[in-house]
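One structure is given here, and the rest of the page talks about it.
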Amino acid sequence: MLSYRHSYHAGNFADVLKHIVQIAIIEYLKKKDKPFTVHDTHSGAGNYLIDSEHMQKTGEFHDGIEKLLDHRTEIGVIDQYVKLVKQLNPVGKLREYPGSPRIAASLLREQDRLQCTELHSTDYELLSKLFAGNKQVRVEKMDAWQGIKAMLPPQHRRGMVLIDPSYELERDYRDMLPALKMAMERWATATYAIWYPVMDRNRTESFIRQFIKAEIPNMLRVELCVRPDASGRGMTGSGMLVINPPYTLAQHMAQAMPLLEKHLCETGGHTLVKRLTEEQA
Ligand SMILES: C[S@@+](CC[C@H](N)C(=O)[O-])C[C@H]1O[C@@H](n2cnc3c(N)ncnc32)[C@H](O)[C@@H]1O
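Each residue of the sequence shown is one higher than the one before, starting from 1 at the first, in full-length UniProt numbering.
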């Protein structure tokens, strides 16, 4: 039984980092005319209404997207993200926040495809409805790891996989590395972007270390911690582990981080952009 609903958290500081990285990867893929596929393993509902009971209850978007909306930062990856959210809110007021599938779909060209898996019945229904009749998008009510087996490799050689579990179950941590290896065996040329929470620093470091020890090549780690590390006080930050990143991503995120820190972090918050090598294990 899945209890996590992304509708309580949409647009929070973790979504800001995740969606900036997602957009940066897709924009890089668009530099060539050749088609690509985006595969989203934990898709969520795809779109979130700011006035909904869930979003209003937690108000997490106030400390995320809302803090960036009125700023033009002159940092490409941030401005692209803010522009996309604004385009989906043409009236000027923030009424909707797009989930990762809607973000991807809004960036696709005619030749590109999106495929999504989502297990929660309600969110699956919402996602299916969002893309009903859209021939570029395939939505399956399927376990994420089952979807990797069933749907990868896709028809295109180029593309990205976003892996964004809620980590409400221990197995979300435990199964990640085997699932990544399985996906990479099927689709070696893709870029993989794995989201992870920072709730307990030791836990986070051992999660990251296993990928280094497993000698997963070409990894970039990007982390935005809005509060100082403190275990037992909920999520203080989150990160993206990107495998086969676009060669421009490290530089673009290094430029973005001081701005994200300025607008989103409390005193003691911190950021990281780091290429991972085996010696760091
Ligand atoms: C963090 S949310 C996804 C948010 C979305 N990627 C976004 O950025 O808008 C995680 C989603 O994974 C779904 N989920 C949890 N376990 C799953 C599984 N084993 N397979 C597929 N989806 C799962 C949850 O129902 C939830 O909607």
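Note that CB positions come from ideal geometry on N, CA and C, so glycine has one too.
Is valine 77 helix, strand or coil when you go by DSSP?
Valine 77 falls in the helix class under three-state DSSP.
Could you tell me which residues DSSP pairs with glutamate 66 in its beta bridges?
Partner(s): none; glutamate 66 has no beta bridge.
So, with DSSP's three-state summary, where would you put arginine 227?
Residue state, collapsed to three classes: coil.
Pull the bridge partners of threonine 271 from the DSSP assignment, please.
BP columns for threonine 271 point to Leu224.
Report all residues from its chain with a CB closer than 8 Å to the CB of histidine 6; omit the five preceding and five following residues, and keep chain order.
So the list reads Gly44, Ala45, Tyr48, Gly99, Asp123, Ser166, once near-sequence residues are dropped.
Does DSSP classify aspartate 15 as helix, strand or coil?
Three-state result, aspartate 15: helix.
Given that a residue counts as buried once 16 or more other Cβ atoms are within 10 Å of its Cβ, and exposed if not, what is asparagine 218?
By the 10 Å Cβ count, asparagine 218 comes out exposed.
Any idea what DSSP makes of alanine 132, helix, strand or coil?
Residue state, collapsed to three classes: coil.
Let me confirm a value: aspartate 40 is counted as buried when at least 16 other C-beta atoms fall within 10 Å, else exposed. Which label applies?
Buried, since its Cβ has 16 or more Cβ neighbours within 10 Å.
Consult DSSP for residue 283 and reduce its assignment to one of helix, strand or coil.
Summary: the structure shown does not reach residue 283, with the chain confined to residues 1 through 281, and so no result is reported for it.
Applying the criterion that 16 or more other CB atoms from any shown protein chain within 10 Å of the CB defines a buried residue, is tyrosine 247 buried or exposed?
Tyrosine 247 should be labelled exposed.
Under 8 Å between the Cβ atoms of methionine 240 and leucine 17?
Yes, these two residues count as a Cβ contact at 8 Å.
Measuring from the CB of tyrosine 4, is there a heavy atom of ligand 1 at a distance below 7 Å?
Flag set: Cβ of tyrosine 4 near ligand 1.
Report whether the distance from the Cβ of serine 128 to the nearest heavy atom of ligand 1 is below 7 Å.
Checking the Cβ of serine 128 against ligand 1 gives no.
When the Cα of valine 21 is compared with those of Glu266, Leu169, Ser238, which residue comes out closest?
Ranking the options by Cα distance to valine 21, first place goes to Ser238.
Contact between the stretch 250-257 and the stretch 69-82: three or more CB pairs below 8 Å?
In short, these stretches touch, since the Cβ pair count reaches three.
Measure the CB-CB distance between alanine 193 and methionine 142 and report whether it falls below 8 Å.
Cβ atoms of alanine 193 and methionine 142: not closer than 8 Å.
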